[in-house]
Ligand SMILES: [Zn+2]
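Residue numbers (the numbering used here): 1289 to 1434.
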């Protein structure tokens, strides 16, 4: 089912972990509404980047979020976030393009040079920009794009 021209519900709820572990990751009506907002945001990101956007994680049910080690208050739980990459662009380049735009994101995180997390808020967007670095002790966040 298409949420917007280029983004489907299926790609925003797909998860290899959920499939493998038979975790129910079907969204309820509130989450579905939020996923429409995320898809609209991703359309804007796609236009900014000038290329397709690949979603590696969108909505996560409680069970799935726990299984993938997501933060307990993750925006993914409400269907308000997506982890994305853009072919031919580094995550850092993609994050910079989004940061320098007027997009009303709540949180933008360049995740260890591997992907970009973009989240929306239920209320007013904070436009918080962070870089996450993964190490053995866990994830360390710093302000801005490193
Ligand atoms: Zn994320």
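The C-beta atom is built at its ideal place from N, Cα and C for all residues, glycine as well.
Buried or exposed by the 16-neighbour rule on C-beta atoms within 10 Å, applied to residue 1348: buried
In chain order, each alpha helix (DSSP H) run of at least 4 residues that lies wholly inside the segment 1302-1351: 1304-1309 and 1317-1337
With distances taken from CA atoms, which of 1354, 1362 and 1417 is nearest residue 1383? 1417
Cβ shell of residue 1344 (< 8 Å), same chain only, five flanking positions each side left out: 1371, 1372, 1373 and 1403
Limits of the beta strand (DSSP E) - the one that residue 1381 falls within: That residue, residue 1381, is in no beta strand (DSSP E); its alpha helix (DSSP H) goes 1379-1387.
For the segment 1365-1434, which segments carrying the beta strand (DSSP E) assignment without a break, of at least 3 residues, lie completely within its bounds, in sequence order? 1369-1373, 1395-1399, 1403-1407, 1416-1423 and 1426-1431
Report the CB separation of residue 1306 from residue 1352 in whole angstroms; it is logged as a contact under 8 Å. 5 Å
Considering only DSSP beta bridges, list what residue 1296 is partnered with. 1290
Buried or exposed for residue 1422, going by 16 or more other Cβ atoms inside 10 Å? exposed
Answer with buried or exposed for residue 1427, where buried requires no fewer than 16 other C-beta atoms within 10 angstroms of its C-beta. exposed
Let me confirm a value: residue 1322 is counted as buried when at least 16 other C-beta atoms fall within 10 Å, else exposed. Which label applies? buried
What I want to know is whether the C-beta of residue 1394 ends up closer than 7 Å to one or more non-hydrogen atoms of ligand 1. no
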